[in-house]
Amino acid sequence: MKLSKLLERLEYEILGGNPDIEIDSLVYDSRKAGPGSVFVCINGTVTNGHKFIPNVCEAGCRAIIVTQRVDVPEGVTVVKVKDDRIALAYMSAAFFDYPAEKLTTIGLTGTKGKTTSTFMVYKVLTLAGIKTGLIGTIESIIGDEHIPASHSTPESYTIQELFSKMVKAGIRVVVMEVSSQGLKMNRVAGINFDIGVFTNLEPDHIGGNEHPDFEDYLDCKRRLFSMCKTGIANKDSEHFDEMMKGHTCELYTFGTDETCDYRAVDIELCGKKNGKDNEMSSAGIKYRAVGKREMDVYVDIPGRFTVYNSLTALAICDILGVDSDTIYKGLSTVKVNGRVETVPVSDDYTIMVDYAHNEMSLRSVLMTLREYEPKRLVCVFGCGGNRSKERRFTMGAVSGKYSDLTVITSDNPRYEKPADIIADIESSISKVEGAKYVIIEDRYEAIKYCIDNAQKGDLILVAGKGHENYQEIEGVKYHMDDKELILKAAGMI
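In the numbering used here, the protein residues as written are 1433 to 1925.
Structure follows, in structure tokens:
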């Protein structure tokens, strides 16, 4: 492929060399450079790619994409662009022959609900016989291939590579999470989404290397609605008007507001009861959808936020022409790995795992589960090491307030001592009036304690790790899966 082909949708300046040279590979990691490569110098938060130019030239790189004038050996083509990440995104699309244009692309952005909603859409479309791919926080799915994820929204090269694999696999639709960082860092630049979705917005990802303030966070998410043909947005969000400011797409709304295109009415918390004692053994929600699609909806995932997640999926699938029976079946049977996921071990009590690993998400899930009026709400959680200590204090206070019993345990201690992290959590929960808690450092023993001492009607939440299947200690990731620990503690494996 000629370099000029990769540059065809970019504004650029040739500082030296020939733009019509043949290119074999496109790289942005200097360690992957080799003969025939073009190397894009990315100015990252940790290091500047320009410093690796001597290395990639020595490795045989034929062209360099830069944002500043540089010295290179004779025979190396140098191309100057305004934005390195936009260049990588557009060049990646060209390198894989613009695969997004051969797919129906659906992008979801929002503080919460992206992961669950994408899996709901994936489940319904798959049931409808539409070959669908998925890119998200937990994994990417291409047919039978499941690829573990490291970011909610991968780097632009990886996205285009995944799109290309999907096209080759005969996939017609891709549904993906579009994070604020993915938008801020132009990982989805150049993609004209067929459908863009806004789930909700709350202060998060502020500070550090993420967003300097809430306005920047909001502004980054808002960009999606100038990048899509059709927009679907949660009108109940207090930030709806701000998010939709300047949108260029055809817009549909969902929520409980009477003016919504897709509206939920007659919302009812419900769950399966065991026959003997009529105690709760799982929790779900049902409602009537009205507006552009009228149908009953049941989802076996607890919480009022499930209404919004399922309305998101319903609206997308309605626009794509899926029938009501298939939508109902998909939503009523969907399970999302590690997102308020019930692990069936007993008819006498319910035990769930969830990814809640900060104060906001833990508060949300505990308040949600409290609405189902369990006999006791028990929360098992720990906090990750080498992360903000403030999280330990706020999560401890939240669990103390909303749980009947907290079991403080270890999460990913990383390079800290688990006992030190636990002591920080205890220092806050001990100040909550009436809070009951026990400390069991070993995570398996903590879960086993809850199961061995479970009472009929209890709802036990194992929080913090969700879909993760490892525990990180001193730089090493050891296999550990909360669902496996639950089944083992219950004597089922």
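Even glycine gets a Cβ: it sits at the ideal position worked out from N, Cα and C.
Of all the options 1654, 1773, 1489, which has the alpha carbon lying nearest to the alpha carbon of residue 1918?
Closest by C-alpha distance to residue 1918, out of 1654, 1773, 1489, is 1773.
How should residue 1494 be labelled, buried or exposed, when 16 other C-beta atoms within 10 angstroms of its C-beta is the threshold for buried?
Taking a 10 Å sphere around the C-beta of residue 1494, we find 16 or more other C-beta atoms and assign the residue as buried.
Starting from residue 1833 and walking both ways along the alpha helix (DSSP H), at which residues does that stretch end?
Per DSSP, residue 1833 belongs to the alpha helix (DSSP H) from 1822 to 1834.
I'd like to confirm the pairing. Which residues does DSSP put opposite residue 1580 in its beta bridges?
Residue 1580 pairs with 1571.
Rank 1834, 1606, 1536 by C-alpha distance to the C-alpha of residue 1568 and give the top, closest one.
Nearest option by C-alpha distance: 1606.
Can the beta-carbon of residue 1839 be found less than 8 Å from the beta-carbon of residue 1882?
Yes; because the gap between Cβ atoms is below 8 Å, this pair is in contact.
Going by alpha carbons, who is nearest to residue 1661 out of 1673, 1629, 1634?
Measuring from the Cα of residue 1661, the nearest candidate turns out to be 1629.
When we look at the beta-carbon of residue 1712 and count the other beta-carbons within 10 Å, is it buried (16 or more) or exposed?
Residue confidence is low: residue 1712 scores 47 on pLDDT, short of 50, so the model does not pin down where it sits. No coordinate-derived value is stated.
Which listed residue (1842, 1796, 1691, 1871) has its alpha carbon closest to that of residue 1834
1796 is the residue among 1842, 1796, 1691, 1871 whose C-alpha sits nearest the C-alpha of residue 1834.
In terms of residue numbering, what span does the alpha helix (DSSP H) encompassing residue 1471 cover?
Unbroken run through residue 1471 is the beta strand (DSSP E), 1469 to 1472; no alpha helix (DSSP H).
Start and end of the alpha helix (DSSP H) containing residue 1592?
Unbroken alpha helix (DSSP H) run through residue 1592: 1588 to 1600.
Could you check how far apart the C-beta atoms of residue 1480 and residue 1545 are, in whole angstroms? I think they sit under 8 Å.
Incorrect: roughly 36 Å between the Cβ atoms, too far for contact.
Any contact of the stretch 1859 to 1867 with the stretch 1753 to 1760, i.e. 3+ C-beta pairs under 8 Å?
Because the criterion of three Cβ pairs below 8 Å is not met, the stretch 1859 to 1867 and the stretch 1753 to 1760 do not touch.
Tell me which residues share the same chain as residue 1560 and place their Cβ nearer than 6 Å to its Cβ, disregarding the 5 neighbours each side in the sequence.
The residues are 1754, 1758.
Minimum C-alpha distance to residue 1583 - residue among 1489, 1570, 1511:
The shortest Cα separation from residue 1583 among 1489, 1570, 1511 belongs to 1570.
Could you give the first and the last residue of the continuous alpha helix (DSSP H) run that contains residue 1551?
Counting along the chain, the alpha helix (DSSP H) containing residue 1551 begins and ends at 1546 to 1559.
State buried or exposed for residue 1483, treating a residue as buried only when at least 16 other CB atoms are found within 10 Å of its CB.
Classification for residue 1483: exposed.
Roughly how many angstroms lie between the CA atoms of residue 1767 and residue 1658, to the nearest whole one?
Distance between the alpha carbons of residue 1767 and residue 1658 is about 32 Å.
According to DSSP, is residue 1666 part of a helix, a strand, or is it coil?
Three-state result, residue 1666: strand.
How long is the line joining the alpha carbons of residue 1865 and residue 1740, rounded to whole angstroms?
The straight-line gap from Cα to Cα measures roughly 34 Å.
Quick one: is residue 1685 buried, meaning 16 or more other Cβ sit within 10 Å of its Cβ, or exposed?
Buried.
Do the CB positions of residue 1460 and residue 1446 come within less than 8 Å of each other?
Result no, Cβ atoms of residue 1460 and residue 1446 do not sit closer than 8 Å.
Under a three-way DSSP split, which group does residue 1895 fall into?
Note: residue 1895 maps to strand in three-state DSSP.
Inter-residue Cα distance where the pair is residue 1709 and residue 1540
Note that residue 1709 has pLDDT 46, beneath the 50 cutoff, so the model's placement of it is unreliable and no number is given.
Could you check if residue 1478 is buried or exposed, using at least 16 other CB atoms within 10 Å of its CB as the buried criterion?
So residue 1478 ends up on the exposed side.
Coarse secondary structure for residue 1817, derived from DSSP in three states
Here DSSP, grouped into helix, strand and coil, assigns residue 1817 to coil.
Residue 1845: which of 1820, 1782, 1648 sits nearest, CA to CA?
Minimum Cα distance to residue 1845 is reached at 1820.
When the Cα of residue 1669 is compared with those of 1737, 1724, 1680, which residue comes out closest?
Taking only the C-alpha atoms, the option nearest residue 1669 is 1737.
Specify the secondary structure class of residue 1744 as computed by DSSP and reduced to three states.
When DSSP states are grouped into helix, strand and coil, residue 1744 belongs to the helix group.
By a C-beta neighbour count over all protein chains shown, 10 Å radius and 16 as the cutoff for buried, is residue 1500 buried or exposed?
By the neighbour-count rule (16 or more Cβ atoms within 10 Å), residue 1500 is not buried but exposed.
Euclidean distance between Cα positions of residue 1577 and residue 1526
The straight-line gap from Cα to Cα measures roughly 24 Å.
Member of 1506, 1498, 1497 whose CA lies at the smallest distance from the CA of residue 1490:
With distances taken between CA atoms, residue 1490 lies nearest to 1506 out of 1506, 1498, 1497.
Backbone secondary structure at residue 1441 - three-state DSSP:
Three-state result, residue 1441: coil.
Is the beta carbon of residue 1532 closer than 8 Å to that of residue 1603?
The answer is no: Cβ separation not under 8 Å.
Could you name the residues of the same chain whose beta carbon sits closer than 6 Å to that of residue 1876, not counting the 5 residues immediately before and after it, in chain order?
Same-chain partners within the cutoff: 1917.
Between which two residues does the beta strand (DSSP E) carrying residue 1457 extend?
Following the DSSP letters along the chain, one finds residue 1457 inside the beta strand (DSSP E) bounded by residues 1457 to 1459.
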